[in-house]
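These notes are about the structure you will find just below.
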Amino acid sequence: MTGPPIELPGEPADAALFEQSAIVVAPLLLGAVLSRSSPDGVVALRITEVEAYLGQGDDPGSHSFRGQTRSNSAMFGDPFHLYTYFTYGMHTCANIVCSPVGTASAVLLRAGEIIEGETLARARRGAAVAVRDLARGPARLTKALGIPLSDGGVRLDQAPYELRMPGHPLPFATSSRTGVSGAGGTSTYPWRFFLPGEPTVSPYRRHQTVPLADVTPPRIGGRPGTEGSQGSAR
């Protein structure tokens, strides 16, 4: 059941922005609003946590580290499209593809705050789920929005999606990426970006293969485009 059109905050995303590396784009997505419509209605969320992943030979934590395959081909495709994948045999996760065609890079959508369609999100996630947990984690986020695996390759300025960017970049924190095994989960790749103090941000979980000494603790106070944030993204 659909209702009248919903006015969401922010400005329509410029597809050209996503021709840059995921490391550049990821912090800029914090505070952006992503919505998905369906016959049941619209769910929209404000993005509060993301992770950047690079491409072949550059990022051992990335699906594309060893090159292009049928399952990861969307990461090598047009920017500003979705790259979806199935994990643990039951969950769908969603990424926004970045960088020029042929250069794999993507931003994993890890968490968000539901700002529209809470009733529908709760119907998908469960009536007893706390508000902060509706989209707290990448699999929960896709379930709350109703993103199926088949939406991989869909452009984010075309139905059923809309992506709107905040009026200005928001201060953010960084850390090692959560749950990533091996070298990709170490302090060499502190490419998890999140809004500090946001209750919807998912808790950091270190993979068992990553020693504590190799984990980057949260760094607070970064801003896109500043010297400090550039350093934290290396």
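Heads up: the sequence shown begins at 72 in this note's numbering, then just goes up one per residue. For every residue, glycine included, the Cβ atom is placed at its ideal position computed from N, Cα and C.
Candidates the options, of which the one nearest residue i by Cα
i: E184; options: V178, V121 and T163; result: V121
i: P289; options: Y260, T280 and Q279; result: Y260
i: T155; options: G253, L212 and T257; result: L212
i: R235; options: P110, I94 and A115; result: A115
i: G148; options: T163, G112 and S176; result: S176
i: A182; options: L125, I94, L79 and L105; result: L105
i: R263; options: F243, A103 and V113; result: F243
i: G112; options: A215, P150 and M146; result: A215
i: D222; options: E187, N166 and I94; result: N166
i: E78; options: E187, P150 and P267; result: E187
Residue i in three-state terms, based on DSSP
i: F89; result: helix
i: A145; result: helix
i: A244; result: strand
i: G81; result: coil
i: G183; result: strand
i: T140; result: coil
i: L101; result: coil
i: I94; result: helix
Residues near residue i by beta carbon distance below 7 Å, same chain, minus five either side
i: V96; result: L88, F89, C169 and V178
i: Y275; result: S246 and T249
i: G217; result: R107, S109, V114 and R195
Cβ-based burial, residue i [other Cβ within 10 Å; buried from 16]
i: G128; result: exposed
i: M161; result: exposed
i: V172; result: exposed
i: R141; result: exposed
i: H239; result: exposed
i: L283; result: exposed
i: G197; result: exposed
i: P110; result: exposed
i: S258; result: exposed
Own chain residues within Cβ distance below 8 Å of residue i, not counting five before or after
i: A230; result: S108
i: P83; result: D228, E233, L234, R235 and M236
i: V202; result: I185 and E189
Beta-carbon contacts of residue i that lie in its chain and below 6 Å, excluding the five residues immediately before and after
i: A270; result: Per the sequence shown, residue 270 should be read as Pro rather than Ala. Excluding positions up to five away in sequence, the list reads R203.
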